[in-house]
Amino acid sequence: MSKKVVNLIVEAGKATPAPPLGPALAPFGLNLGQVVKEINEKTKEFEGMKVPIKVIVDLKTKEFEIEVGSPPTSELLKREAGVEKGSGMASKQPVGNISFDQLLKVTKIKLKDMRAKSLKAAVKEVIGACISMGITIDNKNGKEILREIEEGKYDQLLK
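Structural data, given as C-alpha cells:
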C-alpha cells in the first residue's frame with residue numbers, strides 16, 4: 003500500500019482549492035472539495051492563524067487522512083496578546099501583554115511539539131518567545147518572570 007504525504011501550511015478554517023492546496027493535491031485525483039471541507043473542519047479552532055497540516059494520500063484507494071499540527075508559538079502568542087505582529091524593538095517597545103494563565107495555555111498547546119522535559123522548562127521556552135516578540139507577562143518583562151520562576155513563585159502552577 004503506497005502512501006504519499008503532502009506537508010502544507012494553510013490559513014486555519016479558510017482553506018480553498020486554490021494554491022497552495024490545489025496544485026499540491028491535484029495530481030492525486032482527490033475530491034478537493036472534500037479535502038478542503040475536512041481541513042477547514044479540523045483547523046477551525048485555530049481560525050485566523052496559519053497551521054501546518056499533513057495530507058496523507060493512499061495512492062491506490064484515493065483515500066486521504068488529515069493531520070493538523072499546532073500553530074507556531076508566535077502565532078498563538080499574537081492571538082493571546084491581541085496583536086498583529088511582534089515588536090521590532092522587543093526590549094524597548096513591548097507590543098502586548100498576556101497573563102500567566104494565557105502563557106500556560108499557549109505552553110500546553112505546544113507541549114507535544116516541544117522537547118522540554120517538564121512543564122516548567124516548556125514555559126521558559128515560551129517566555130523566550132515572548133521576550134523576543136516584545137510581549138510582557140502580567141505587565142512584567144519576560145526576564146523578570148523567569149527570575150520569579152527560579153525563585154519558586156509559580157511552582158504550584160507548574161506541576
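Numbered continuously in the working numbering, the sequence shown closes out at residue 161.
Virtual Cβ for every residue (Gly too), placed ideally from N, Cα, C.
When the Cα of residue i is compared with those of the options, which residue comes out closest?
i: E172; options: V12, E150, V108; result: The requested residue 172 does not occur in the structure, where the chain is confined to residues 3 to 161.
i: M91; options: I137, L10, Q158; result: I137
i: D157; options: K87, A131, A123; result: A123
i: E67; options: V57, L61, P74, P73; result: V57
i: G144; options: M51, L105, S72; result: L105
i: E69; options: I41, L78, S93, K94; result: I41
i: G88; options: S101, M135, E77, I55; result: M135
i: S101; options: K16, S4, K6, K80; result: K80
i: T18; options: L159, L160, L34, S4; result: L34
i: K5; options: I151, I147, E65; result: E65
i: K94; options: I111, I133, K52, K39; result: I133
What does the alpha-carbon distance come out to for the pair residue i and residue j?
i: I11; j: R149; result: 36 Å
i: V85; j: T63; result: 44 Å
i: P96; j: T75; result: 17 Å
i: G98; j: N9; result: 32 Å
i: V37; j: I55; result: 12 Å
i: L78; j: D103; result: 13 Å
i: G130; j: A14; result: 25 Å
i: D60; j: S72; result: 24 Å
i: E43; j: V128; result: 28 Å
i: M116; j: L160; result: 16 Å
i: K126; j: L32; result: 43 Å
i: A20; j: I111; result: 29 Å
DSSP has residue i in a bridge; who is on the other side?
i: I55; result: L10, V70
i: K5; result: D60
If I follow the unbroken alpha helix (DSSP H) through residue i, where does it start and stop?
i: N42; result: 34–45
i: K145; result: 144–152
i: K80; result: 75–83
i: G24; result: 23–27
Specify, as a first and last residue, the run of the beta strand (DSSP E) that residue i falls within.
i: T138; result: 137–139
i: G98; result: 98–100
Query raised in the report: With contact counted as at least three CB pairs below 8 Å, one residue from each stretch, are the region 46–56 and the region 27–38 in contact?
Result: no
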